[in-house]
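Take the sequence shown: its letters are residues -22 to -1, 1 to 1023, numbered as in mature numbering (1 follows the signal peptide of the UniProt record, and there is no 0).
Using N, Cα and C, we set each Cβ at its ideal position, and we do this for glycine too.
Remember, it's a predicted structure, so these values are computed and weren't measured experimentally.
What follows is one structure encoded as structure tokens, with my remarks underneath.
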Amino acid sequence: MKKWLLVILFAVGAGILMPARAEVLFNDDFDTDGLADFTFVDLAGSNAGKTGLVTGVSGFAGHIGDTINYGSNSQPGAYLMPTGIIVDPASNFTVTVDFKFEHEASYDDAVFVLGDLAGGNYYATYTSEDAGGNDVWIAVNGIRKKTAGQETVSNWGAGFADDTWYSATYSWTAATETLLMSVAPLAGGSSQGYAEVLDSSTTFNISLTNFTDGVQFGFGTHNDRASFDNVVITGTAVEPPPPPPPPPLDAVFSDDFESGVLTNFTQVDMAGGAGFSVSTDGADGTYSGQVGGNVGTAGGTQPGAWLQAKDLYLSATNDFSVAYDTKFMHEGTWDDCVLVFGDLNRRNYYASYMNESLAANEVWYYSGGSRISSNTVGAYAGTAFADDTWYSATYTWTAESQTLSFNATILSNTTSFASWSMVMNGSGAANTSLTNCPDGVQIGFGTHNDGARFDNIVISGTKLPVPVPDPIPECAVEIAPDGVWTWFNDERAIWHQGYLFSGYVKKNGEYGISRFDPDTGTSDHMVISTSASRQTDDHNNPSITVLPDDTLLIAYSKHINGNVDQFFYRTSKVVAPAADADWNDEQTQVLGDSGTKNAYNNTYRLTGEDNKIYNFHRYINFNPTITVSTNNAVSWEAPVHFINAGTDSQRPYPRYCSDHTNRIDLIYTDGHPDKNANSIYHLYYRTNAFHKTDGTLAGAWADLPLSVGDGTIVYPYTATAWGAGEGPDDWIPAGRGWTWDICYQDNGDPVCVFQVSKRDVMGASGFEDDRIYYYYARWTGSEWQRRFIGQGGCPIYDTQREYGGGMALDPDEPNVVYVSSNAENPFDLSSVTNVPLNSSERYEIYRGVTEDGGLTFHWEAVTTNSLKDNLRPIVPENHGLHRHLLWFYGTYTTFFSFDCQVLAILDEGTVSLADWRSEYGVTNGLVIVDSDGDGLTDLAEYALGGNPTNAMDTPAPVLIDGKYRFHYLRERPDVSSVVEVSTNLSDVADWREVARYEYGTEPVNDPDFPVEFTAGEPAVLTVPLNPETNGPALFMRLRVEALEY
């Protein structure tokens, strides 16, 4: 049967209804808010989307259709329920509604329901075009009674007409337990209806007063189409019963510090001067964890230090709580303690302060380690917290509403001292949802820049697995698990005593040195900074210099904030230090002007000047300065102003290199490219004087300081547009230079790489529209020849819009350059104004080789498809490897907020022909000799990786399945492997070269004979032969050429 149906929902429960005055609880004509005040209930589970608005009595009406599927167990198919409306059946109520059902077939209907929808216990009053279908039925537990004789009210009216508006009124009289229904045509006419006493007299008759949690209503249809308008409900409201309390959270972390150790915490020292300890002053009179005192403020106005719950990541999609006791120690004014929570690894987190200053009791958000300009929660306390007083603090996260609540009491007191509650749902820069933490929420207990104690920590919630570190690029090995550097301190890495020593700054502000052993593939890590020198800032990485006795000197400085007129240095006790104990105490060199701040260290020892050590740093007038030691860093002379760039903090940025005998070279700028229109210049030092590139005297030591323009111009800044025959090899109009690296060509002349940057190239929406261009320049003997060689992409981040990915030269092979770029096509040089970024915007590293003095380059990718950025490559001197570089890999947000690893590539070292002969005891000097008589000359065995003393070891080329294969060892520098083809063996001149592989150069291939490279030990080169392109008859051979050695 198709019937018109009004569904009555009633809630059954144990709540107690309080009497209240009847009032209009609901009045909706669908004209203002449409269906916003209704909940669409689909009992069939297949009627989604079958609701909307149609033309009503006047204006709009709510509509259900088309062709609703009826519900399970013969229930109505769907209805519209006034959201949140529950009436008290112990009091009278009235429901009025206009309705019509639309013509589909026979038995068209609409339905009115009232009762307990959630439990499936309700009355359904059907209004149908079929007179026999006008019944009232009861549903119990979701099953409608539908057998004849089970009707609550049977055949209460004559048939109703399709497509006709009616007005219905339902009235409940509580005193007599009577439900009265009256229906009349809206256009006028006689009414129909029923009056039924619902007094629980039968199983089909249940009194509405039984439903003590209240009655709900719905308007729908059994399986047709119906519309409703002008819904008014009058009665006494009942609030829905409160939800049951959530189950108690599981404790996932707790510590009362009674163990006397801090092993459950990671000690995070952001400012670089914090101390961590277990105090005997606990909340319960025993032990507590202590941070500080006198912790310094970290970069980005971050809290200085905290104890972070180790390996704890909380699910923010579930509720959690953090409870602990705390007090801050008296040091001065503005003493505080702080709870940090969020993505602490990436420095995206909240800091909630408890402070003795009333105005400083706030919550701030930090993005990438920088405080957002406005607070998340303003001054919340009515009374300031007191020094040296224990408080109990509780933070509660409610996941459903994304609300964090805070409450603090004085210890052992239940009265709230201060509280706040905040919805953290991502509504603004200072309001980020905790669900955005990709690995889960981390928790730390600390202080901004004072001292604080914590006790009885209990963290409850859902613990997530500790995230697995992202894999590093396949080509790399890890040198240090935590470290970054800037490019204005050298040497940052050196080879010494067979080890690779590398210096860096860790994310907690410590300065580290790692010693990597290439034989074992392992590193020893050392911390060389102290609380006096420590600072979270990548500008502070140490320089490393070998002293005459083969011990090491390292020098380092703080950068700007917190810095003073000094640098720090240490010397090693042994020639190959591997532990902190292998270093002598940190020394401080005070430079003499307390108002001037020092930064950067570039230390070089010249053996031709009795081992005098030159430290090039930034000090006097914020300019390049030189401080000298003549006694192996036992003491230092007074600093000397080197280059004078004027006033107003104009500061040239130099890059240095040295032959370590009698010469030091540098390239430098006018100033910082964000303030100055930079050209790039070159000078070199030799024998108490500085010279232009061509050897012309620029100034004697006694004439210092020099002026910026005293050097030879390598790259000229100009805003002039290109003329005929000019282009980016000459300059970028209005592009500003910045230095990257310098070393020596084989003839001792300088070669350098640098960048040119220009803002808003791709638009004007921020740093991602800026572009960086990479250059290679070398001194030809008469001029600086420069070439635009690559697209650097965009800057690394927004507040340093000239920070590129980085460039480095290989000082052992100055025709090799490495670059880091996030450009889509880094070596498409056809445009400097249309340079798209790669889809991931990750910075990848590329290796370029030039065989024509920098005029052209062949490039290969070193890293690909990286999950994180690859930045600031460097190549140490004297590495003896085929391919070698270091860089850092990870998340680099700002120069004081980063999470990176130091990686390296250490391709196998070169093996000369002479060393190879010596290894196998071959004494015959002829390269064409075949010492073991296996058919391969010794030269071929050297190239292919054979044993010249074992005739069974014959790595000859082979032809398999139409593919010519042979071994290739890149580390054999004294030969070239040349593939040749011929169609006529009788004609010696017919042999044609189609591929050449040679150490230190880019392979050369004929496109008709593409070579496949298969990595391995050794690598395999394969040349597929295709009769369609190569001809039906072809001869191929491998020829090994001896180079000079």
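Going by CA-CA distance only, name the one from M59, S84, A88, K305 that's closest to A96.
For the options M59, S84, A88, K305, the alpha carbon positioned closest to that of A96 is the one of M59.
Near S501, what residues of its chain come up, given a Cβ to Cβ distance below 8 angstroms and the 5 sequence neighbours on each side ignored?
Excluding five sequence positions before and after S501, the CB atoms of its chain that fall closer than 8 angstroms to its own CB belong to E456, I457, A458, S492, R493, F494, D495, given in chain order.
So, C772 versus C635, is the Cβ gap smaller than 8 angstroms?
no
From Q380 to E704, what does the alpha carbon distance come to, in whole angstroms?
60 angstroms
Among I642, L531, P632, whose alpha-carbon lies nearest the alpha-carbon of G586?
I642
If you run the structure through DSSP and keep just helix, strand and coil, what is E587?
helix
Have a look at the DSSP bridge pairing and note the partners of C453.
Answer by DSSP bridge pairing: none, since C453 is not bridged.
What do you get for A386, buried or exposed, if any count of 16 or more other CB atoms within 10 angstroms of its CB means buried?
buried
Using a 10 Å radius around the Cβ and a threshold of 16 neighbouring Cβ atoms, would you call F1013 buried or exposed?
exposed
For the pair the segment 692 to 700 and the segment 708 to 715, tell me if three or more CB-CB distances fall below 8 angstroms.
yes
Out of curiosity, what's the CA-to-CA distance linking N119 and Q194?
16 angstroms
Identify whether residue 1039 lies in helix, strand or coil by the three-state DSSP scheme.
Past the boundaries of the shown model lies residue 1039; the chain is included only from -22 to 1023, so the question cannot be answered.
Could you check where the beta strand (DSSP E) with G675 kicks off and where it finishes?
The amino acid at residue 675 is misidentified as Gly; the sequence shows Leu. That run of the beta strand (DSSP E) goes 675 to 678.
Spatial distance of residue 1041 from L999 (CA atoms):
Lying outside -22 to 1023, the shown extent of the chain, residue 1041 is not represented and no answer is given.
Suppose you measure from the CA of R737 to the CA of Y631; what does that come to, to the nearest Å?
20 angstroms
Just list the residues that DSSP pairs E1019 with in beta bridges.
S954
Can you list the beta strand (DSSP E) stretches of 3 or more residues lying completely in the segment 52 to 87, in chain order?
Counting only runs of at least 3 residues, the segment 52 to 87 fully encloses the following beta strand (DSSP E) elements, listed from N- to C-terminal order: 56 to 60, 71 to 79.
By DSSP, does P1005 sit in helix, in strand, or in coil?
Correct three-state label for P1005: helix.
Under a Cβ-count criterion, where at least 16 other Cβ atoms within 10 Å of its own Cβ denotes burial, should N601 be classed as buried or exposed?
Buried, because 16 or more other Cβ atoms sit within 10 Å of the Cβ of N601.
When you compare only the Cα positions, how much space is there between V65 and F71?
7 angstroms
Tell me, to the nearest whole angstrom, how far the beta carbon of A294 is from that of A377; I am working on the premise that it is less than 8 angstroms.
Between A294 and A377 a beta carbon distance of about 6 angstroms is seen, short of the 8 angstroms cut, so the two are scored as contacting.
Quick one, which of P617, V161, D141 has its alpha-carbon nearest S149's?
V161
Quick one: complete alpha helix (DSSP H) runs, 4+ long, within the segment 709 to 768?
Fully enclosed alpha helix (DSSP H) runs of 4 or longer: not present.
Sequence ranges, beta strand (DSSP E) only - wholly within the segment 462 to 528, length at least 3:
471 to 474, 477 to 483, 489 to 495, 500 to 505, 521 to 524
8 angstroms CB neighbourhood of A471 in its chain, flanking five on each side removed
L478, F479, S480, G481, I522, I852, P854, L864
Kindly list the residues whose CB is nearer than 8 angstroms to the CB of L914, restricted to its own chain and excluding five residues on each side of it in sequence; keep chain order.
D908, L922, G924, T932, P933, A934, listed in sequence order.
Identify which residue in D262, A408, L92, E488 has its Cα closest to the Cα of D303.
Distance check between D303 and each of D262, A408, L92, E488 places D262 closest, using alpha-carbon atoms only.
Report the rounded CA-to-CA distance for A56 versus S335, giving the unit in angstroms.
59 angstroms
Exposure label - I591; buried when at least 16 CB within 10 Å
buried
Among Q723, E80, K124, V731, which one has its Cα closest to the Cα of E107?
Closest by alpha carbon: E80.
Considering only their Cβ atoms, is the gap separating D366 from H308 smaller than 8 angstroms?
yes
Would you mind stating whether N562 and N579 have Cβ atoms separated by less than 8 angstroms?
no
In whole angstroms, what is the alpha-carbon distance linking N848 and P555?
28 angstroms
For the segment 745 to 752 against the segment 772 to 791, do three or more pairs of beta-carbon atoms, one drawn from each stretch, fall closer than 8 angstroms, so that the two count as touching?
yes
Which residues mark the beginning and the end of the alpha helix (DSSP H) in which Y920 is found?
916 to 922
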